[in-house]
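J.:
2 protein chains.
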Amino acid sequence: MRSAEFDREVVLRAAMNAFMEKGYNKTSMQDLKLATGLHPGSIYCAFENKKGLLLASLEQYNLDRSEELKSIFNGQSDALSGLRAYLDSIVSECISGDPAQSCLSQKAINEIAQTDEQAQAVLSQQCVMWQGFMKEVFSQASQQGVITGPRSPQQRAQSLIVGIYGLRTFSQAQKDPDVISGIANQLLIDVCR
Amino acid sequence: MRSAEFDREVVLRAAMNAFMEKGYNKTSMQDLKLATGLHPGSIYCAFENKKGLLLASLEQYNLDRSEELKSIFNGQSDALSGLRAYLDSIVSECISGDPAQSCLSQKAINEIAQTDEQAQAVLSQQCVMWQGFMKEVFSQASQQGVITGPRSPQQRAQSLIVGIYGLRTFSQAQKDPDVISGIANQLLIDVCR
DNA sequence: CTTTATTTTGAATGTTTATTCAAGATAGCT
DNA sequence: AGCTATCTTGAATAAACATTCAAAATAAAG
Numbered sequence: 539m540r541s542a543e544f545d546r547e548v549v550l551r552a553a554m555n556a557f558m559e560k561g562y563n564k565t566s567m568q569d570l571k572l573a574t575g576l577h578p579g580s581i582y583c584a585f586e587n588k589k590g591l592l593l594a595s596l597e598q599y600n601l602d603r604s605e606e607l608k609s610i611f612n613g614q615s616d617a618l619s620g621l622r623a624y625l626d627s628i629v630s631e632c633i634s635g636d637p638a639q640s641c642l643s644q645k646a647i648n649e650i651a652q653t654d655e656q657a658q659a660v661l662s663q664q665c666v667m668w669q670g671f672m673k674e675v676f677s678q679a680s681q682q683g684v685i686t687g688p689r690s691p692q693q694r695a696q697s698l699i700v701g702i703y704g705l706r707t708f709s710q711a712q713k714d715p716d717v718i719s720g721i722a723n724q725l726l727i728d729v730c731r
Numbered sequence: 539m540r541s542a543e544f545d546r547e548v549v550l551r552a553a554m555n556a557f558m559e560k561g562y563n564k565t566s567m568q569d570l571k572l573a574t575g576l577h578p579g580s581i582y583c584a585f586e587n588k589k590g591l592l593l594a595s596l597e598q599y600n601l602d603r604s605e606e607l608k609s610i611f612n613g614q615s616d617a618l619s620g621l622r623a624y625l626d627s628i629v630s631e632c633i634s635g636d637p638a639q640s641c642l643s644q645k646a647i648n649e650i651a652q653t654d655e656q657a658q659a660v661l662s663q664q665c666v667m668w669q670g671f672m673k674e675v676f677s678q679a680s681q682q683g684v685i686t687g688p689r690s691p692q693q694r695a696q697s698l699i700v701g702i703y704g705l706r707t708f709s710q711a712q713k714d715p716d717v718i719s720g721i722a723n724q725l726l727i728d729v730c731r
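These protein sequence lines are chains A and B, in that order. If you read the first sequence in this note's numbering, its first letter stands for residue 539, the second for the next number, and so on. If you read the second sequence in this note's numbering, its first letter stands for residue 539, the second for the next number, and so on.
1. Less than 7 Å between C-beta atoms, sequence neighbours within five positions excluded: which residues of the same chain meet that for P578 of chain A?
2. Residues in the same chain with beta-carbon distance under 8 Å from M667 of chain A, minus the five sequence neighbours each way, listed in chain order, please.
3. Sort A:G720, A:Q652, A:P691 and A:I647 by Cα distance to S697 of chain B and report the nearest one.
4. Would you report the Cα separation of G635 of chain A and V717 of chain A, rounded to the nearest angstrom?
5. Judging by CA-CA distance, which residue of B:T686, B:N648, B:S690 and B:A695 is the nearest neighbour of Q669 of chain B?
6. Spell out whether any CB of chain B is found under 7 Å from the CB atom of Q712 of chain A.
7. Please state the DSSP three-state secondary structure of I650 of chain A.
8. Using 10 angstroms around the beta-carbon of P688 of chain B, count the other beta-carbons present and answer buried if the total reaches 16, otherwise exposed.
9. Following the continuous alpha helix (DSSP H) through I610 of chain A, name the residue where it begins and the one where it ends.
10. On a Cα-Cα basis, can you pick out the residue from A:S580, A:T565, A:S690 and A:A711 that is closest to D545 of chain A?
11. What distance in whole Å lies between the Cβ atoms of L625 of chain B and M558 of chain B, which are believed to be in contact at a cut-off of 8 Å?
12. Going straight from the alpha carbon of A623 of chain B to that of T686 of chain B, what length do you get?
13. Roughly how many whole angstroms lie between the Cα atoms of T707 of chain B and A542 of chain A?
14. By the criterion of Cβ-Cβ separation under 8 Å, what are the contact partners of G704 of chain A in chain B?
15. List the residues of chain B that S662 of chain A touches, going by C-beta distances under 7 Å, in chain order.
16. Mind checking S609 of chain A: buried by the 16 CB within 10 Å criterion, or exposed?
17. Indicate the three-state DSSP secondary structure (helix, strand or coil) for M539 of chain B in the structure shown.
18. K713 of chain A lies in the alpha helix (DSSP H); which residues open and close that run?
19. Among B:K564, B:L607, B:S615 and B:S619, which residue has its Cα nearest to the Cα of L592 of chain B?
20. I want to see whether chain B comes within less than 7 Å of G787 of chain A, judged by CB atoms only; does it?
21. In angstroms, rounded to a whole number, what distance separates the CA positions of Q712 of chain A and G561 of chain B?
22. Using only the alpha-carbon positions, how far apart do G575 of chain B and A657 of chain B sit?
23. Given a cut-off of 7 Å, decide if Q710 of chain A and I650 of chain B are closer than it, judged by their beta-carbon atoms.
24. Give a yes or no on whether the minimum CB-CB distance between E649 of chain A and chain B is below 7 Å.
25. When you compare each of B:F585, B:A584 and B:S677 to D616 of chain B by their alpha carbons, which one comes out closest?
26. Going by C-alpha to C-alpha distance, which of B:S627, B:A553 and B:E597 sits closest to S662 of chain B?
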């Protein structure tokens with residue numbers, strides 16, 4: 539008996555960064571070897587193959603982002619302030635232009651969901667979880683009386699997520715910080731109306 | 539002297555479809571040879587290399603889509619009806635799940651804009667052109683009195699484009715037609731408010 | 001019809017790719 | 001300390017890759 543030497547989380551975060559930098563298909567095993575410090579054999583022993591490493595990275599990414607999400611909303615007085623802080627953090631990620639601050643899930647949806655059923659299933663489920671969290675936020679906001687109007691929390695959550703996906707794509711074609719920030723502000727207004 | 543045998547537009551549309559099916563990096567020269575019917579040498583003679591073929595395809599894609607855009611809006615009585623028809627067409631593309639009906643520009647923004655400056659420049663300019671067209675649509679809608687409210691045509695155009703990018707991404711993770719259609723309807727309402 | 005410039009052809013090139021595997025190392029159990 | 005199951009190592013492998021090129025074909029000009 540012998541336990542693995544590497545720290546799984548550390549390895550997966552390194553792989554995440556590599557995938558975000560170059561995209562899944564352009565990231566070679568050589569890149570992953572350098573990024574993780576693991577030899578090919580170890581990667582195959584632990585994750586089966588390159589796609590297995592992606593799926594594991596995607597799950598770690600989702601865990602990390604969920605934690606971050608919770609901490610952003612917990613650090614705010616009410617749900618509306620939470621939404622503001624959340625969108626601010628996304629805007630600054632967009633503006634940074636740093637690949638490490640992009641969204642691995644979104645990149646994977648665009649690059650491989652169409653051609654890989656397994657990835658599609660994982661990404662779809664993660665999207666539903668994200669929706670569930672945001673729906674809860676909008677429920678709370680309504681209860682707290684900080685937002686009013688007839689739209690359901692579910693509808694609001696969907697519109698917000700669509701807006702965030704769109705913002706991330708848009709900001710790669712149009713890098714003006716004021717424009718990105720302006721669109722995000724309007725998104726918040728529309729979604730809370 | 540000798541003129542090329544192949545029809546450039548036909549070849550570029552075939553390449554477009556190949557790139558949309560598998561994404562840029564997963565599309566091999568072998569795939570492109572089969573899709574276009576051109577031998578490697580001819581592709582290199584006409585487009586320099588694989589990336590050159592992508593850039594040319596991107597330009598053809600933009601031309602084709604611009605024509606389509608104009609014809610959708612020309613076929614409607616006023617700018618608001620045009621917007622409705624336009625969003626309907628995008629919704630049905632999203633619902634179809636057909637890779638050939640996805641958006642090559644958006645796929646390219648997500649897959650290669652980050653790592654290729656030349657592609658980034660082309661895609662950025664195309665995004666600006668799209669914005670310019672939509673801005674004009676919203677100007678007309680205001681003049682026609684079919685939409686009111688304080689937002690500028692520019693802001694409306696930006697929000698619409700962000701919404702469309704988002705819708706296309708979202709619909710790959712969440713395939714329920716009613717959900718997609720509902721989000722699109724809400725997007726139109728928000729953007730025209 | 002001949003010439004000439006250009007395109008087409010498709011096999012060959014050298015690289016890069018994901019993956020495998022046998023040998024060596026080592027942690028945990030007795 | 002010794003055993004054993006498991007992990008690590010990294011060179012080897014075979015397939016796939018983008019790209020090149022010289023020979024063959026052919027359209028247009030004279």
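Glycine included, every Cβ here is placed at the ideal spot set by N, Cα and C.
T.: From the atom records:
1. Locating residue 578 of chain A in the first sequence gives position 40, where the first residue counts as 1. M567 and K571, listed in sequence order.
2. Sequence index remark: in the first sequence, residue 667 of chain A carries index 129 (1-based). Once the five neighbours on either side are set aside, the close Cβ partners of M667 of chain A are N600 and S604.
3. On the second sequence, position 159 is the one that residue 697 of chain B refers to. A check of alpha carbon separations from S697 of chain B across A:G720, A:Q652, A:P691 and A:I647 identifies A:G720 as the nearest.
4. Locating residue 635 of chain A in the first sequence gives position 97, counting from the first residue. Locating residue 717 of chain A in the first sequence gives position 179, counting from the first residue. Their Cα atoms are separated by approximately 14 Å.
5. For the purposes of this step, residue 669 of chain B is taken as residue 131 along the second sequence, with counting starting at 1. Nearest Cα to Q669 of chain B within the set B:T686, B:N648, B:S690 and B:A695: B:A695.
6. Position 174 of the first sequence, counted from the start, is the residue given in the question as residue 712 of chain A. At least one CB atom of chain B sits nearer than 7 Å to the CB of Q712 of chain A.
7. What you label residue 650 of chain A is simply residue 112 of the first sequence in a count that begins at 1. Note: I650 of chain A maps to coil in three-state DSSP.
8. Position 150 of the second sequence holds residue 688 of chain B. Residue environment for P688 of chain B: exposed (fewer than 16 other C-beta atoms within 10 angstroms of its C-beta).
9. Along the first sequence, read from residue 1 onward, the residue named residue 610 of chain A stands at position 72. Under the DSSP assignment, I610 of chain A falls in the alpha helix (DSSP H) whose first and last residues are K588 to N612.
10. For the purposes of this step, residue 545 of chain A is identified with residue 7 of the first sequence, where counting begins at 1. Checking every option, the nearest Cα to that of D545 of chain A belongs to A:S580.
11. Locating residue 558 of chain B in the second sequence gives position 20, counting from the first residue. Locating residue 625 of chain B in the second sequence gives position 87, counting from the first residue. That belief does not hold up - the Cβ atoms of M558 of chain B and L625 of chain B are roughly 21 Å apart, past 8 Å.
12. Looking up residue 623 of chain B in the second sequence gives position 85. Looking up residue 686 of chain B in the second sequence gives position 148. Rounded to whole angstroms, the gap between the alpha carbons of A623 of chain B and T686 of chain B is 19 Å.
13. Within the second sequence, the letter at position 169 stands for residue 707 of chain B. Within the first sequence, the letter at position 4 stands for residue 542 of chain A. Distance from the CA atom of T707 of chain B to the CA atom of A542 of chain A, rounded to whole angstroms, is 37 Å.
14. What you label residue 704 of chain A is simply residue 166 of the first sequence in a count that begins at 1. Simply I699, V700, G701, I702, Y703, G704, L705 and T707.
15. Taking the first residue of the first sequence as position 1, residue 662 of chain A is located at position 124. The answer, in chain order, is A711 and Q712.
16. One-based indexing of the first sequence puts residue 609 of chain A at position 71. By the neighbour-count rule (16 or more Cβ atoms within 10 Å), S609 of chain A is not buried but exposed.
17. Position 1 of the second sequence holds residue 539 of chain B. In the displayed model, M539 of chain B falls within coil according to three-state DSSP, outside both helix and strand.
18. Start at 1 with the first residue of the first sequence, and residue 713 of chain A comes out as number 175. Counting along the chain, K713 of chain A falls outside any alpha helix (DSSP H), and DSSP gives it neither H nor E.
19. If you number the second sequence from 1, residue 592 of chain B lands on position 54. Taking L592 of chain B as reference, the option from B:K564, B:L607, B:S615 and B:S619 with the minimal CA-CA separation is B:K564.
20. Past the boundaries of the shown model lies residue 787 of chain A; chain A is included only from 539 to 731, so the question cannot be answered.
21. Start at 1 with the first residue of the first sequence, and residue 712 of chain A comes out as number 174. Start at 1 with the first residue of the second sequence, and residue 561 of chain B comes out as number 23. Between the alpha carbons of Q712 of chain A and G561 of chain B lies a distance of about 22 Å.
22. The residue labelled residue 575 of chain B in the question sits at position 37 within the second sequence. The residue labelled residue 657 of chain B in the question sits at position 119 within the second sequence. G575 of chain B and A657 of chain B have their C-alpha atoms some 25 Å from each other.
23. Numbered from its first residue, the second sequence carries residue 650 of chain B at position 112. Numbered from its first residue, the first sequence carries residue 710 of chain A at position 172. Between I650 of chain B and Q710 of chain A, the CB-CB gap reaches or exceeds 7 Å.
24. Here residue 649 of chain A is taken as the residue at index 111 of the first sequence, counted from 1. At a cut-off of 7 Å between C-beta atoms, E649 of chain A counts as an interface residue with respect to chain B.
25. On the second sequence, position 78 is the one that residue 616 of chain B refers to. For D616 of chain B, the nearest C-alpha among the options comes from B:S677.
26. Along the second sequence, one-based indexing puts residue 662 of chain B at 124. Minimum Cα-Cα distance from S662 of chain B among the listed residues B:S627, B:A553 and B:E597 corresponds to B:E597.
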